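**Q**
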Amino acid sequence: MSKINLDGLVAFLKEQGFIFQGSEIYGGLANSWDYGPLGVELKRNIKEAWWDKFVRNNKYNVGLDSAILMNKEVWVASGHIGSFSDPLIDCKKCHSRFRADKLIEDFTHGKVVGDGMSNEELKEFLVTNQIKCPTCGALDYTDIRQFNLMFKTHMGVIEDSKTEVYLRPETAQGIFVNFKNVQRTSRKKLPFGIGQIGKSFRNEITPGNFIFRTREFEQMELEFFCKPGTELEWFSYWRTFCMDFLKYVGINEEELRYRDHDKKELSFYSNATTDIEFNFPWGFGELWGIASRTNYDLNAHQNHSKQNLEYLDPDDNTRYLPYVVEPSVGVERMLLSILFSAYDEETDENGNTRVVLRLKPVVAPYKVAVLPLIKKNHADRAKSIYENYSKYFSTAYDDSANIGKRYRRQDAIGTPFCVTIDDETIQNSTVTVRDRDTMKQKKMLIEDVIPYILEKL
Ligand code: GAP
């Protein structure tokens, strides 16, 4: 379990400059969050790590950046306009609104999953199990109705039904509608995947738990196209690949688990789905969804657009719609899991507590901090070393307060190495390199620090 609870983490991240309340000086906008100087670096590093492993350095996959606003017919075909909704229920007494399935999941600590139950089954479960309104304690609910989660707006100057467009609720459909374009221009043969990172928007009924469930978030999605009949092998491949990635970015292995969807929970078009869940302070929650989606999406777009989306298999000259395996994860949920995993507090023999963010160097906002021991004697040399290191990796410079305090500050923001500049640097070009986790120090030549840190990345 993490050494910090949710409220503690929110306060810590604000204090250190990672994440602030959105629109704070106007009283905030509920459930919106802004990423400060350290948060934006951490977020970018997570996305870069995903892009490297899933796209840039991956022999199977290529990338895409599709538009957020798309033709309304995309969402008709994908089923989002018809059925991308959650079961909404109101408390008649205090008028609080809830997702009925989430009320059940919270009450049963995740043992009963509401997904897959009808509105009537959900209501009956609430009443039979006396699940009371979490706000006022009454057991007096309205009937359940479905609430569509898509944000609607208008394109252009006229606001009528013809100009209606939606903010995308997932990046995946931008990939499906470009399947032919990408396959033709990249000349990829099956199996191959298309990866995309971008913002998605959902008018969630109950956003919450900080950045876990928000109305604006970023997704990292891969649609992996393969020959029908091979999809379960690839499903298993990506299931393991995703788990390995989570360990690579520093998420505690013992806080992760797979949760396979049983028959009742599986979407009608899926023949296998797993969530990788993380043990958040409020319990296990979905971090990464991996679904074998058959040819459902390509088939829906082919039928609705009347465009042939079939693949011509050069091995046997047959034509078919590829099957798809989709690993889909939210950037913010990954960031939150990394932070809960990395946060640590240590007490030394004198009873002093040190906060350490044990971030993996690959995601840490700064890889190294350059610290002159005495400002007036060593700052000039330190600044030129800082400029040199900055060409290779993101580097911090700090010459305020005593060296002990500066080490603590870098420990708390997760900088894996501190390089101290002192008299010996001036005399013989050596620096002291301090390791964040062990606090051990070693002398190195100024220029040797660069390959030493690059190797850790
Ligand atoms: N294309 C498939 C898809 O979008 P999903 O399970 O709805 O599937 C995938 O979403 C992932 O996106 C989730 O596992 C989660 O990490 C993230 N996600 C979904 N809704 C979110 C929200 N409201 N806030 C933050 N992250 C969210």
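Residues 1296 to 1752, numbered by our numbering, are exactly what the sequence shown covers, in order. Note that beta-carbon positions come from the ideal geometry of N, C-alpha and C, so glycine has one too. Remember, predicted model here, so these are calculated numbers, not experimental data.
What distance in whole Å lies between the Cβ atoms of V1663 and T1246, which are believed to be in contact at a cut-off of 8 angstroms?
**A** The displayed coordinates of the chain run from 1296 to 1752. Any statement about residue 1246 would go beyond what the structure contains.
**Q** If we ignore side chains and look at the alpha-carbon of each, how far apart do Y1436 and T1403 end up?
**A** 19 angstroms
**Q** Assuming contact is defined by CB atoms lying nearer than 8 angstroms, are I1384 and I1439 in contact in what I supplied?
**A** yes
**Q** For the alpha helix (DSSP H) containing P1332, name the first residue and the last one.
**A** P1332: member of the alpha helix (DSSP H) spanning P1332 to W1346, first to last residue.
**Q** Determine the burial state of K1655: buried for a count of at least 16 other Cβ atoms within 10 Å of its Cβ, exposed for fewer.
**A** Buried is the call here.
**Q** Check whether the segment 1569 to 1579 touches the segment 1620 to 1639, taking contact to mean three or more Cβ pairs, one atom from each stretch, closer than 8 angstroms.
**A** yes
**Q** Tell me whether M1515 sits in a helix, a strand or coil according to DSSP, three-state version.
**A** Three-state result, M1515: strand.
**Q** Give the secondary structure of Y1532 by DSSP, where H, G and I count as helix, E and B as strand, and everything else as coil.
**A** helix
**Q** With the cut-off set at 8 angstroms, would you say S1373 and Q1468 are in Cβ contact?
**A** yes
**Q** Just the C-alpha distance for R1653 and E1343, rounded to the nearest angstrom, thanks.
**A** 19 angstroms
**Q** Please go through the same chain and pick out, in chain order, the residues whose beta-carbon is closer than 6 angstroms to the beta-carbon of R1729, but skip the five residues on each side of it.
**A** C1713 and Q1736
**Q** Measure the C-alpha to C-alpha separation of K1483 and N1566 and round it to an integer number of angstroms.
**A** 25 angstroms
**Q** In the DSSP assignment, what are the bridge partners of E1742?
**A** Its beta-bridge partners do not exist; DSSP assigns none.
**Q** Can you pull the DSSP bridge partners for N1443?
**A** In the DSSP output, where bridge partners are listed per residue, N1443 has S1380.
**Q** What distance in whole Å lies between the Cβ atoms of I1716 and P1667, which are believed to be in contact at a cut-off of 8 angstroms?
**A** 5 angstroms
**Q** With a floor of 3 residues, list each beta strand (DSSP E) that falls wholly inside the segment 1650 to 1696, ordered by position along the chain.
**A** 1663 to 1667 and 1690 to 1692
**Q** Would the segment 1533 to 1548 and the segment 1490 to 1506 be scored as touching if the rule is three or more Cβ pairs under 8 angstroms?
**A** no
**Q** Return the residue from the list S1623, C1386 and Y1638 that minimises the CA-CA distance to V1305.
**A** If we check each option's Cα against that of V1305, Y1638 comes out closest.
**Q** Determine the DSSP secondary structure at K1737, reduced to helix, strand or coil.
**A** strand
**Q** In this structure, how does DSSP classify F1487 when only helix, strand and coil are distinguished?
**A** strand
**Q** Residues in its own chain within less than 6 angstroms of C1389 by CB, not counting five upstream and five downstream?
**A** T1430 and C1431
**Q** Any heavy atom of the ligand GAP inside 7 angstroms of the beta-carbon of W1583?
**A** yes
**Q** Beta carbon of R1440: closer than 7 angstroms to some heavy atom of the ligand GAP?
**A** no
**Q** Compare the Cα-Cα distances from N1590 to each of S1600, Y1618, G1578 and N1352 and report the closest residue.
**A** Y1618
**Q** Cutting at 7 angstroms between CB atoms, please list the residues of its own chain near K1298, excluding the five before and the five after it.
**A** Y1638, D1639 and E1640
**Q** In or out: P1523 buried (at least 16 other Cβ within 10 Å) or exposed?
**A** exposed
**Q** Using beta-carbon positions only, say whether Q1281 and D1360 come within less than 8 angstroms of one another.
**A** Since the first and last residues shown for the chain are 1296 and 1752, residue 1281 lies out of range.
**Q** If you measure between the beta carbons of L1444 and N1366, is that distance less than 8 angstroms?
**A** no
**Q** Hey, G1625 and F1512: beta-carbon distance below 8 angstroms or not?
**A** yes
**Q** Would you tell me roughly how many angstroms separate the C-alpha atoms of S1679 and A1395, rounded to the nearest one?
**A** 60 angstroms
**Q** Taking 7 angstroms as the cut-off, is the beta-carbon of T1509 closer than that to any non-hydrogen atom of the ligand GAP?
**A** yes
**Q** Once you ignore the five residues that flank Y1564 on each side, which residues in its own chain have a CB closer than 7 angstroms to its CB?
**A** R1588, T1589 and Y1591
**Q** State yes or no: is the C-beta of F1520 within less than 8 angstroms of the C-beta of L1485?
**A** yes
**Q** Between which two residues does the beta strand (DSSP E) containing V1369 stretch?
**A** V1369 -> not in any beta strand (DSSP E); alpha helix (DSSP H) instead, spanning K1367 to S1373.
**Q** Could you give the distance in angstroms between the alpha-carbon of E1518 and the alpha-carbon of P1622?
**A** Just so you know, the alpha carbons of E1518 and P1622 end up roughly 7 angstroms apart.
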